[in-house]
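Peer 1: Provided herewith is a single structure, encoded as structure tokens, for subsequent inquiry.
So this is what it looks like as structure tokens:
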């Protein structure tokens, strides 16, 4: 029974679901519209409160977060144009639900980074976990290392650029937007994709259901050259293009017949 | 959800605070599984056999006869060990219901387990020359305190925080699982196996016993059977990728190696940190950062990957 003692004494939860009444720690050094703070001894909620306070109330435009320590859910829900630098690694769900910021992460990110991002730029200097850029609607996600599985699952817009390898089911069910992979990708690329474009410079282990090679045109060249130029990635390698084969598009055929049956 | 972690020191000797380090890793992943916590720790290899067993569960009802029954069963276990020719060195009472026994013995480990587990409510948690499995309800700090794991010195370890999905919240359902009857082999698993009953029935037919209703136990027993057929740890793990259906990331440890395998969908997470002196892996990087206090280069292994490190 000893083991059950203290079960209700939760003091800190890495999901950030506790401490709803926590206050802004106000530990930043602010210099004009720039600020820097050390996150080492702060909880997830305190770090996010500090970021909001700086960006929304103090008029700061450029924040550097030291020692993020791979904590989860940092830099989420930032809805203003600003610049944020994480001087280290983030855990799961980093920089999700953002609209506007330009974020640089100097380390690695865990699963589901930049989930449901609306606009802005996130540059990850090292590797990223699975589900990177899940369901993003806009903006650019640049991963300079490798990514895990299911990158850009359910993507609805924006661009994901990965310099290293990518895992299985990349672009699974993507609906719009672009994915640019400069190295090999795993099995099931673009499985069940609805629309959008995937560019791969390395080897594709296997294509997913209804993902087919696409025809290259000038707009593809323009896009890739532009993105490489913006992010200083050097001369682009040669890419293959993959799009949706639209063989799974059978909703329109089914629906009228069903309607007839109903009538 | 569950969280798993593993750590292996690569510089040979056995003087590392694995108990302390594993507690730090598991505590930082408490949110992945608050039901129970388990450790498979490897101390310095010894000539003696070390056995961890339990006679009851933390949440068993405490009736009037509870203490007396435990004493009776404990004496029974001791008598049976002696009957099999084991020369007992020490019996340590870790909690009210869990014990650690060291003894000299050169017969088959299977015989020991079968005879001990014939005692009512007895379960052998681990058996071997260096492996010790400790598992109980609660978070890592509670279990570590209860079993005094902070001072455990050793070479490598795996651990697990459990969010029960398939079976009861009790010690039998907690990970790690010892690979009965294979000494010094243990497994932790994050995921679900869909062909669990098939494999359980197959393995039962070839003489293995299952102590829990938890699907993860089948991985340990499957690997044990493969290794007793002459497969290396790595080959046995590669075979398991085909044999096991479902989603999984699991870590298997032996007396001198630690291996990890991921299913073909890479559905369950794992972060890996490889340095010259240490390999640490966990469901989340935050667990690795609990023992490495500087920025590190980590990555996620890919689908269908099997990796093995030796110390």
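Protein chains in written order, with my numbering: chain U, 1287 to 1549; chain F, 2 to 312.
Built from N, CA and C at the ideal position, the CB exists for glycine as well.
The model shown is predicted, which means the values in this text are computed figures rather than measured ones.
Please identify the residue among F:59, F:73 and F:20 whose C-alpha is closest to the C-alpha of residue 9 (chain F).
Peer 2: Closest option to residue 9 (chain F), Cα to Cα, is F:20.
Peer 1: Under 8 Å Cβ-Cβ, which residues of chain F neighbour residue 1357 (chain U)?
Peer 2: Those are 287, listed as they occur along chain F.
Peer 1: Quick one: measure Cβ to Cβ for residue 242 (chain F) and residue 265 (chain F), integer angstroms, because I've assumed they're closer than 8 Å.
Peer 2: Rounded, the Cβ-Cβ distance is 7 Å, consistent with contact.
Peer 1: Which residue marks the beginning of the alpha helix (DSSP H) containing residue 1507 (chain U), and which one marks its end?
Peer 2: Run containing residue 1507 (chain U): 1504-1516, per the alpha helix (DSSP H) assignment.
Peer 1: I'd like to know if residue 281 (chain F) contacts chain U, where contact means its C-beta is closer than 9 Å to some C-beta of that chain.
Peer 2: Closer than 9 Å: no.
Peer 1: Between residue 1460 (chain U) and chain F, is there a C-beta pair that is closer than 9 Å?
Peer 2: Chain F, which has no Cβ nearer than 9 Å to the Cβ of residue 1460 (chain U), makes this no.
Peer 1: Could you check if residue 84 (chain F) is buried or exposed, using at least 16 other CB atoms within 10 Å of its CB as the buried criterion?
Peer 2: Exposed, because fewer than 16 other Cβ atoms sit within 10 Å of the Cβ of residue 84 (chain F).
Peer 1: So residue 1435 (chain U) contacts chain F; which residues on that side make the cut at Cβ distance below 9 Å?
Peer 2: Going along chain F in sequence order, the residues near residue 1435 (chain U) (Cβ under 9 Å) are 266, 267, 268, 301, 303 and 304.
Peer 1: Check whether the Cβ of residue 1396 (chain U) lies closer than 9 Å to any Cβ atom in chain F.
Peer 2: Yes, because at least one Cβ of chain F sits closer than 9 Å to the Cβ of residue 1396 (chain U).
Peer 1: When DSSP builds the beta bridges, which residues end up paired with residue 94 (chain F)?
Peer 2: According to DSSP, residue 94 (chain F) bridges with F:100.
Peer 1: Using a C-beta to C-beta distance shorter than 7 Å, which residues of chain F count as neighbours of residue 1432 (chain U)?
Peer 2: By Cβ distance, chain F contributes 300.
Peer 1: By Cβ distance below 6 Å, which residues in the same chain neighbour residue 1460 (chain U) in space, the five residues on each side in sequence not counted?
Peer 2: Taken in chain order, the residues that qualify are 1438, 1441, 1479 and 1482.
Peer 1: Which two residues bound the contiguous beta strand (DSSP E) that contains residue 20 (chain F)?
Peer 2: No beta strand (DSSP E) holds residue 20 (chain F); the alpha helix (DSSP H) holding it covers 19-28.
Peer 1: Looking only at its chain, what residues have a beta carbon closer than 8 Å to the beta carbon of residue 1379 (chain U), apart from the 5 residues adjacent to it on each side?
Peer 2: 1358, 1359, 1362, 1396, 1397, 1398, 1399 and 1401.
Peer 1: By DSSP, does residue 285 (chain F) sit in helix, in strand, or in coil?
Peer 2: Coil at residue 285 (chain F), not helix or strand.
Peer 1: Report the CB separation of residue 303 (chain F) from residue 267 (chain F) in whole angstroms; it is logged as a contact under 8 Å.
Peer 2: About 6 Å; that satisfies the 8 Å criterion.
Peer 1: Who does residue 179 (chain F) pair with in a DSSP beta bridge?
Peer 2: Residue 179 (chain F) is bridged to F:187.
Peer 1: Of all the alpha helix (DSSP H) runs that stay within the bounds of the region 183-229 of chain F, which reach a length of 4 or more residues?
Peer 2: With a minimum length of 4 residues, the continuous alpha helix (DSSP H) runs that stay inside the region 183-229 of chain F are 197-206 and 218-229.
Peer 1: Hey, how far is the Cα of residue 167 (chain F) from the Cα of residue 191 (chain F)?
Peer 2: Roughly 12 Å separates the two Cα atoms.
Peer 1: What does DSSP give as the partner residue(s) for residue 1324 (chain U) in the beta ladder?
Peer 2: Partner(s): U:1352.
Peer 1: Please classify residue 1327 (chain U): is it buried, with 16 or more other beta-carbons within 10 angstroms of its beta-carbon, or exposed?
Peer 2: When all chains shown are included, residue 1327 (chain U) counts as exposed.
Peer 1: Identify each residue in the region 1365-1382 of chain U for which the Cβ-Cβ distance to at least one residue of chain F is less than 9 Å, and report them in chain order.
Peer 2: The region 1365-1382 of chain U vs chain F, Cβ under 9 Å: 1373, 1374, 1375, 1376, 1377 and 1378.
Peer 1: So, at 6 Å on beta carbons, what are the nonlocal neighbours of residue 1525 (chain U) in its own chain, with the 5 sequence-adjacent residues on each side left out?
Peer 2: 1485 and 1487.
Peer 1: Give me the DSSP bridge partner(s) of residue 310 (chain F).
Peer 2: Beta-bridge pairing links residue 310 (chain F) to F:259.
Peer 1: Taking the straight line between their C-alpha atoms, what separation do you get for residue 108 (chain F) and residue 1497 (chain U)?
Peer 2: Cα to Cα, the separation comes out at about 59 Å.
Peer 1: Give the residues from the region 1404-1430 of chain U that approach chain F closer than 7 Å (Cβ to any Cβ), ordered along the chain.
Peer 2: Those would be 1412, 1413, 1415 and 1416, in chain order.
Peer 1: Under the three-state reduction of DSSP, which class applies to residue 67 (chain F): helix, strand or coil?
Peer 2: If DSSP states are grouped into helix, strand and coil, residue 67 (chain F) belongs with the helices.
Peer 1: In the DSSP assignment, what are the bridge partners of residue 1445 (chain U)?
Peer 2: Answer is U:1426 and U:1464, bridged to residue 1445 (chain U).
Peer 1: State yes or no: is the C-beta of residue 245 (chain F) within less than 9 Å of the C-beta of residue 220 (chain F)?
Peer 2: In contact: residue 245 (chain F) and residue 220 (chain F) (Cβ atoms closer than 9 Å).
Peer 1: Could you pull the start and end residues of the alpha helix (DSSP H) that residue 240 (chain F) belongs to?
Peer 2: First-last of the alpha helix (DSSP H) with residue 240 (chain F): 234-244.
Peer 1: Would you mind telling me which residues of chain F sit closer than 8 Å to residue 1457 (chain U), beta carbon to beta carbon, in chain order?
Peer 2: Residues of chain F passing the Cβ test: none, with the nearest at roughly 15 Å.
Peer 1: Between U:1318, U:1474 and U:1465, which has its C-alpha nearest residue 1348 (chain U)'s C-alpha?
Peer 2: Checked all of U:1318, U:1474 and U:1465; the closest Cα to residue 1348 (chain U) is U:1318.
Peer 1: Below 8 Å on C-beta distance, what does residue 1454 (chain U) contact in chain F?
Peer 2: The contacting residues are 265, 266, 267, 303 and 304.
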